[in-house]
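Novice: Structure below; questions to follow.
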Amino acid sequence: MKIKHVLVIFMMGLVCLTGCQKNDEAKIYADKIEMSHLTEIIESFALPKRIDDVADVTWSSSHGDIIVISEYPEWESGEGHNDYYKAWVTLPIKQTTVTLTATVLYGNQIARKTFDVRVWPNRYPYLSIEQAKELTPSKIVQIQGVVVAKFDSGFVLFDEIDYVFVKEENAQLAVGDIVCVRGVRVSPQGVPQIDCDFYEKLDEKPDTFNPFTNINAITIEDLMTHDEKDSSFYGTLYQVSGIIVSESDGYYPYRFIHPIHQGTSIKVSYLTDDAGKQELRSAEDKYMSAIVMIFGYQEGEFNLLYIPGTLEENTYPYTTDDYLNMALESLEDKYNELNIYKDISLDATIGIQGHEATITWTSKNHAILSNDGKVVSPLEETIVEMKVVLRIEEKTKEATINLIIKPKEITSDISSLIALTPEKSVDPMSRYVIEGVVVGHQDRGYWVADATGAILVWLGSVVTSENAPEMGTFIRITGCLTTMGEASQFTVIFLPLSPHEILDNALPTLLEPIPITFDRIFGYNVGSKSDAKSVGLTYYGKQITITGTVVGTDSNNVWKIHDPLNPSRWILLTNLASSTRIKDLEEETITITLMVSKIYFTNDTSHDDYHIGTFGGVYFFDYDLVEGGE
536 MKIKHVLVIF MMGLVCLTGC QKNDEAKIYA DKIEMSHLTE IIESFALPKR
586 IDDVADVTWS SSHGDIIVIS EYPEWESGEG HNDYYKAWVT LPIKQTTVTL
636 TATVLYGNQI ARKTFDVRVW PNRYPYLSIE QAKELTPSKI VQIQGVVVAK
686 FDSGFVLFDE IDYVFVKEEN AQLAVGDIVC VRGVRVSPQG VPQIDCDFYE
736 KLDEKPDTFN PFTNINAITI EDLMTHDEKD SSFYGTLYQV SGIIVSESDG
786 YYPYRFIHPI HQGTSIKVSY LTDDAGKQEL RSAEDKYMSA IVMIFGYQEG
836 EFNLLYIPGT LEENTYPYTT DDYLNMALES LEDKYNELNI YKDISLDATI
886 GIQGHEATIT WTSKNHAILS NDGKVVSPLE ETIVEMKVVL RIEEKTKEAT
936 INLIIKPKEI TSDISSLIAL TPEKSVDPMS RYVIEGVVVG HQDRGYWVAD
986 ATGAILVWLG SVVTSENAPE MGTFIRITGC LTTMGEASQF TVIFLPLSPH
1036 EILDNALPTL LEPIPITFDR IFGYNVGSKS DAKSVGLTYY GKQITITGTV
1086 VGTDSNNVWK IHDPLNPSRW ILLTNLASST RIKDLEEETI TITLMVSKIY
1136 FTNDTSHDDY HIGTFGGVYF FDYDLVEGGE
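This is the structure in structure tokens:
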């Protein structure tokens, strides 16, 4: 901790000079001590030992229970502290004026100078970490413990019983520091943490301190199934082992995966320090153990912060049975409940970590699906059981895999698909063919429109010239119908099953934009999923034109169009490529034409910030936008 030079609030008293008859020089040096640049005392501070390197100073305190003056401890040496005393501050129950007396000795001359300083009360109740984590959010608290892990975004404090993550960016602390923290109990995504208002280092553990001496090992399975409401779990350090794999998700760039059951994994938060992410990157696809902190719970999964410098490579003792189990799991991931529309080539072998398993397939319904994958299209969806036998050397493993044989694909106009949208993203999906013109790109998909409406073709990855057709291109594409965010909104998503075909067809005549008002949008009184779908039958994939005020959000690519007459009503607008243009019009009233992509039937006040009954829309460059409204 950097020393804070002589700090006090007010010079309340007069200079008191005593000692030798001739003490003018000592008085001069005493008068050089100034403590007028603070407005309050809330933490420990430094007091000088010498003035101009010629006059010695000693100090006394009128309230030794509030301000104690001593030499700086050894763990703070080497930072200029040899030239200062440390005034340790213990905040009192109520505001207290403490008199500090400086005694200056110059030769045989003595002069004294007093300062009345005001020490502010401690409004933070002292609790154990366990008690602090049980507090309701927004409560203030004071805790004390030893730093056992340090990150750019904060640190982990341990009081010999429980752990907690303290949010404080780039804190000047190290592992082993004994620290007092005053702050606010916060709860991001329901996870108990302390948002630091102030911290002070009180001492430090010896060099032999090992924060991981009593760390318990935990399996990935136990991590996945732990009770997310267990507040004591968060902030705790554990040793976890798994294969490290990278992810395309920017928020969770890495995972620890079970070495056999590949679907069993735990994700690592992007708030892991850059050094830690670099270590994970260098260990990709290796079976490693690591010390981690249980950081958060989001999207139905726990996530971790990896503690840099704790990776250790291990060797997992695989057996032939393990390889067979892994091969079967991989086969099930690929084929089980796969939708089949035409003849399929069934794998004859599968490779697992240098071992090859042979596969024998046997159909239990040869009238629909043969052993070698030949399909006779049924009149209705049919599940065919396939017996599989995997063999590695002399060992075998049997299982049953279900394949879903679909009727022939259905060609449909886009508007008719809206009513067929599944209730949930996990519901069975039928196969459809649509034809239309590409009218807009967005971050991970593109919009196709025909004469009846438009639909979002979802790629799940960033749109590029390789995976998406150009704007204005007439295409034919086969895919399945699904939805997204079904817990809060009605959406229609088209998942492509094969690459699009570009056709040399005449472009369709698209629907004209529908003029609409906020009164009309909120007049539907949407309050349920069925309400949202009913409104979606009219507006999803349609252009609407509305007048409103542009308002920004905390997100870089999400904006809102507010009702000019009622700011509590708005539609949520995903900017995409037009973000710069919209940003330039913030707080302006505009008339804008956009594509309706969502109908909300719940409230949200966090990142997305939407209301029951509001629309979500997408704005593209070639849509009309009139500054100042109509």
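Start counting the sequence shown at 536; every next residue gets the next number (the working numbering).
Ideal Cβ positions, reconstructed from N, Cα and C, are used throughout, including at glycine.
Quick check on DSSP: helix, strand or coil for A825?
Specialist: A825 falls in the strand class under three-state DSSP.
Novice: Does N749 come out as helix, strand or coil in the three-state DSSP assignment?
Specialist: In this structure, N749 counts as coil in the three-state DSSP scheme.
Novice: Here's the rule: buried if 16 or more other CB atoms are within 10 angstroms of the residue's CB, otherwise exposed. What is Q556?
Specialist: For Q556, the predicted model reports a pLDDT of 46, less than 50, meaning its position is unreliable; a value from the coordinates is still stated below. Exposed, by the Cβ-count rule.
Novice: Verify whether the separation of the beta carbon atoms of T799 and A825 is less than 9 Å.
Specialist: Not in contact: T799 and A825 (Cβ atoms no closer than 9 Å).
Novice: Tell me whether A1022 sits in a helix, a strand or coil according to DSSP, three-state version.
Specialist: Reduced to three states, the DSSP call for A1022 is coil.
Novice: What are the start and end residues of each continuous beta strand (DSSP E) run of 3 or more residues lying completely inside the stretch 1037-1112, in chain order?
Specialist: You should have 1078-1087, 1093-1098 and 1101-1109.
Novice: Count the other CB atoms within 10 Å of the CB of I544; is the residue buried (16 or more) or exposed (fewer)?
Specialist: At I544, the pLDDT of 32 sits below 50, so the modelled position is not reliable; the number obtained from the coordinates is stated separately. Buried.
Novice: State yes or no: is the C-beta of F580 within less than 9 Å of the C-beta of A622?
Specialist: Against a cut-off of 9 Å, the Cβ pair of A622 and F580 comes out as a contact.
Novice: Using the C-alpha atoms, what's the distance from V983 back to P1048?
Specialist: Cα to Cα, the separation comes out at about 16 Å.
Novice: Reducing DSSP to helix, strand and coil, say where N874 ends up.
Specialist: Three-state result, N874: strand.
Novice: Would you call the stretch 1002-1017 in contact with the stretch 967-982, where contact means no fewer than 3 C-beta pairs closer than 8 Å?
Specialist: Cβ pair count under 8 Å is three or more, so yes.
Novice: Anyone know if the C-beta pair for Y1135 and L1107 falls short of 9 Å?
Specialist: The answer is yes: Cβ separation under 9 Å.
Novice: Should the stretch 865-880 be regarded as contacting the stretch 832-844, the criterion being three or more beta carbon pairs within less than 8 Å?
Specialist: They do not touch, by the three-pair rule.
Novice: Taking all protein chains shown into account, decide if Y851 is buried (16 or more other Cβ within 10 angstroms of its Cβ) or exposed.
Specialist: Answer is exposed; the Cβ neighbour count stays below 16.
Novice: With H, G and I counted as helix, E and B as strand and the rest as coil, what does DSSP make of T593?
Specialist: Correct three-state label for T593: strand.
Novice: Using 8 Å for Cβ pairs, my map puts P1043 next to I1012. What's the rounded Cβ distance?
Specialist: Actually they are not in contact, since the Cβ atoms of P1043 and I1012 sit about 15 Å apart, beyond 8 Å.
Novice: For I1117, I'd like the list of residues in its chain whose CB is within less than 8 Å of its CB, leaving aside the five on either flank, ordered along the chain.
Specialist: Correct list, in chain order: V1085, W1094, L1108, N1110 and Y1154.
Novice: How about S766 and P727: are their beta carbons less than 9 Å apart?
Specialist: Taking 9 Å as the Cβ cut-off, S766 and P727 qualify as a contacting pair.
Novice: Using C-beta distances below 7 Å, list every residue in its chain close to V1061, excluding the 5 sequence neighbours before and after it, in chain order.
Specialist: Closer than 7 Å at Cβ, skipping near neighbours: A1067, V1070, I1134, F1136, I1147 and G1148.
Novice: Whole angstroms is fine: what's the gap from T807's alpha carbon to T754's?
Specialist: C-alpha separation (whole angstroms): 20 Å.
Novice: Using the beta-carbon count (16 or more within 10 Å), is H793 buried or exposed?
Specialist: Per the 10 Å Cβ criterion, buried.
Novice: Between which residues of its own chain and L863 is the CB-CB distance below 7 Å, once the five residues before and five after are set aside?
Specialist: The residues are L925, K932 and A934.
Novice: Bridge partners of Q630, per DSSP?
Specialist: Looking at the DSSP assignment, Q630 forms no beta bridge with any residue, so it has no partner.
Novice: On the three-state DSSP scale, how would you describe H890?
Specialist: Of the three classes helix, strand and coil, the one that applies to H890 here is strand, per DSSP.
Novice: Using the rule of at least 16 other Cβ atoms within 10 Å of the residue's Cβ for burial, across every protein chain shown, is E891 buried or exposed?
Specialist: Burial call: exposed.
Novice: So does the stretch 775-787 actually touch the stretch 708-725, counting three or more Cβ pairs closer than 8 Å?
Specialist: Counting Cβ pairs under 8 Å, fewer than three are found: no touch.
Novice: Please identify the residue among G1083, T855, E1036 and P1034 whose C-alpha is closest to the C-alpha of I1056.
Specialist: Selected option, being the one with the closest Cα: G1083.
Novice: When you compare only the Cα positions, how much space is there between Y641 and K584?
Specialist: Taking the straight line from one Cα to the other gives about 12 Å.
Novice: Given a cut-off of 9 Å on the beta-carbon distance, is the pair N906 and T917 in contact?
Specialist: Against a cut-off of 9 Å, the Cβ pair of T917 and N906 comes out as no contact.
Novice: Using C-beta distances below 7 Å, list every residue in its chain close to E669, excluding the 5 sequence neighbours before and after it, in chain order.
Specialist: Answer for E669: S766, listed in chain order.
Novice: Look up H976 in the DSSP assignment and give the residues it is bridged to.
Specialist: Y981.
Novice: Could you pull the start and end residues of the beta strand (DSSP E) that A684 belongs to?
Specialist: Element bounds for A684: I675 to F686.
Novice: Following the continuous alpha helix (DSSP H) through L772, name the residue where it begins and the one where it ends.
Specialist: Per DSSP, L772 belongs to no alpha helix (DSSP H); it is in the beta strand (DSSP E), L772 to S781.
Novice: Taking the alpha carbon of K821 as the reference point, which residue from M921, M828, Q888 and V710 has its own alpha carbon closest?
Specialist: The option with the nearest alpha carbon to K821 is Q888.
Novice: Tell me which residues share the same chain as D730 and place their Cβ nearer than 6 Å to its Cβ, disregarding the 5 neighbours each side in the sequence.
Specialist: Closer than 6 Å at Cβ, skipping near neighbours: K702, G718, V719 and V721.
Novice: For the beta strand (DSSP E) holding E933, just list the boundary residues, first then last.
Specialist: Here the beta strand (DSSP E) through E933 covers K930 to I940.
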